[in-house]
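Input: a single structure, listed below in structure tokens.
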Amino acid sequence: MSGGVDSSVSAALLEKQGYDVTGVFIKVWQPELEPSRRTVCTWRDDRRDAMRVAAHLGIKFLTVDFEAEYKRDVVDYMIAEYRNGRTPNPDVMCNRSIKFGAFFDWAVARGADYIATGHYARIKHGEGDMFNLLAGVDTNKDQSYFLWMLGHKHLSRTLFPIGKFEKSAVREMARKMQLPTADKKDSQGLCFIGKLDMREFLREFISENEGEVIDENGAVVGTHHGAHLYTIGQRHGFVVIKSGTSERPYYVVDKDTTRNRIVISHDKIRATAEGVATAIVLRDVHWIANVVPEARDKLSARVRYRQPLQTCHILRANDGGVELLFDEPQLAASGQSAVIYRNDECLGGGVIA
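Here you go:
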């Protein structure tokens with residue numbers, strides 16, 4: 012229980028269905044910054060809200076501390092990826108290493124039959140002892156994108172109580188059940204950073220190095236604070252100073268951390284080499300059912316959260332790697348997740364190389 016409305020309703024639904032529910036709040040790492048730049052992490056308020064919901068429902072409540080695991084597996088990984096010029100997805104790593112890693116193992120060791128979370132996703136019992144991960148019914152809130160690293164052992168012992176509902180219905184249920192979190196706003200950003208800007212956080216660990224902003228023709232048009240701080244598709248955080256440049260928004264379409272340069276364009280889908288964004292190579296590939304789709308299979312994928320599914324197929328696959336060929340060019344950031352679907356079933360995914 013995170014202290015939000017989604018996990019609150021999840022706990023309430025399970026309690027209503029007759030499960031013996033224990034609410035668990037996971038405490039994660041928070042940086043120690045000087046007072047003038049301190050993060051606004053609301054974990055104490057969130058924990059209090061989770062406790063209030065547990066008391067309202069009459070269920071047991073525990074707090075488990077995974078600060079060390081979170082720092083090692085999520086934060087340190089994220090910093091290392093940015094340092095190497097990639098843009099990681101810490102939510103995916105949190106799910107793999109914390110919620111469905113350390114916490115999952117902790118709960119099972121304590122005798123839990125299942126763990127449950129407030130994710131907008133669904134689980135279907137397939138053939139035999141197989142379980143399939145499906146997208147949430149609410150397409151705007153679907154979180155299967157962040158769950159592609161799960162396997163059979165997780166899906167067979169996990170419940171997603173709100174995955175079959177729209178967010179509006181979840182809010183309405185919370186109000187009808189008079190849950191203390193019924194009207195609490197959804198959290199934004201990473202919990203350990205709070206309202207602190209990501210670039211400001213990264214500056215605590217990676218030194219700034221001013222570099223050149225260039226356009227697609229190679230002309231220097233501005234400056235930036237360090238190529239490793241920027242994400243493909245980003246449209247803020249750099250300065251365009253060349254006289255006569257258009258007021259239309261610019262997007263980062265490429266970056267070179269070796270030369271400390273970023274390339275910008277008015278065309279968000281434009282790449283520095285024609286066609287480079289149509290075929291995308293993935294590393295650390297994981298298939299939920301341990302079955303690699305056939306090359307002729309018509310699939311779809313998204314290379315960032317909430318992106319509409321894009322038609323694609325597998326061009327080639329080998330141990331730990333896959334090359335996806337899309338019908339349309341994609342703006343893909345190295346280090347982000349590309350998640351593969353067949354209709355509404357999440358088949359797995361990988362990290363964009």
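Here my numbering is used: the first residue of the sequence shown is 12, the next is one more, and so on. The beta carbon of each residue, even a glycine, is placed where N, CA and C say it ideally should be. Note that the structure is a prediction, hence the values are computed from the model and not measured.
Exercise for the section: Please check the pair PHE171 and ALA132, which I expect to be a contact at CB under 8 Å, by giving their CB distance rounded to whole angstroms. Expected result: Your numbering for residue 171 matches position 160 in the sequence shown. Your numbering for residue 132 matches position 121 in the sequence shown. With 8 Å as the limit, PHE171 and ALA132 qualify as a contact, their Cβ atoms being about 5 Å apart.
Handout entry: Euclidean distance between Cα positions of ALA22 and ARG63
Key = In the sequence shown, counting from the first residue as 1, residue 22 sits at position 11. In the sequence shown, counting from the first residue as 1, residue 63 sits at position 52. About 12 Å.
Exercise for the section: Please indicate yes or no: does the CB of VAL251 lie closer than 7 Å to some heavy atom of the ligand ADP? Expected result: The ligand ADP is not part of this structure, which contains no ligands at all.
Problem - Segment contact, 8 Å Cβ cut-off, at least three pairs: the region 260-268 with the region 235-248 - result: yes
Practice task
Given a cut-off of 8 Å, decide if GLY360 and TRP159 are closer than it, judged by their beta-carbon atoms.
Solution key: Reading the sequence shown from its first residue, position 148 is the one you call residue 159. Reading the sequence shown from its first residue, position 349 is the one you call residue 360. For TRP159 and GLY360, yes; Cβs fall inside 8 Å.
Practice task
Pick helix, strand or coil for LYS11, following the three-state DSSP scheme.
Solution key: Residue 11 lies beyond the range of the chain shown here (12 to 364); nothing can be said about it.
Practice task
Quick one: using the 10 Å Cβ neighbour count with 16 as the cut-off for buried, is HIS136 buried or exposed?
Solution key: Translated into positions along the sequence shown, residue 136 becomes position 125. Label assigned to HIS136: exposed.
Practice task
For ARG327, I'd like the list of residues in its chain whose CB is within less than 7 Å of its CB, leaving aside the five on either flank, ordered along the chain.
Solution key: Your numbering for residue 327 matches position 316 in the sequence shown. Once the five neighbours on either side are set aside, the close Cβ partners of ARG327 are GLU334.
Handout entry: Whole-angstrom distance between GLN321 and ASN354, CA atom to CA atom
Key = Here residue 354 is taken as the residue at index 343 of the sequence shown, counted from 1. Here residue 321 is taken as the residue at index 310 of the sequence shown, counted from 1. So the two alpha carbons sit approximately 11 Å from each other.
Exercise for the section: Report the partner residues of HIS235 according to the DSSP bridge assignment. Expected result: On the sequence shown, residue 235 is found 224 positions in, with the first residue counted as 1. GLY222, per the DSSP bridge assignment.
Problem - Chain-order list of residues whose beta-carbon lies under 6 Å from that of GLU223 (same chain, five-residue window excluded) - result: Start at 1 with the first residue of the sequence shown, and residue 223 comes out as number 212. Correct list, in chain order: VAL231 and ARG272.
Handout entry: Segment contact flag, the region 133-153 with the region 89-97, C-beta cutoff 8 Å, min 3 pairs
Key = no
Practice task
For HIS324, name the three-state secondary structure that DSSP assigns.
Solution key: Counting from 1 along the sequence shown, the entry for residue 324 is found at position 313. If DSSP states are grouped into helix, strand and coil, HIS324 belongs with the strands.
Exercise for the section: With a 10 Å radius around its C-beta and 16 neighbouring C-beta atoms as the bar for buried, classify LYS110 as buried or exposed. Expected result: Position 99 of the sequence shown holds residue 110. Answer is buried; the Cβ neighbour count reaches 16.
Practice task
Just mark ARG315 as buried or exposed, buried being the case when its beta carbon has 16 or more other beta carbons within 10 Å.
Solution key: For the purposes of this step, residue 315 is identified with residue 304 of the sequence shown, where counting begins at 1. Classification of ARG315: buried, given that the 10 Å Cβ count is 16 or more.
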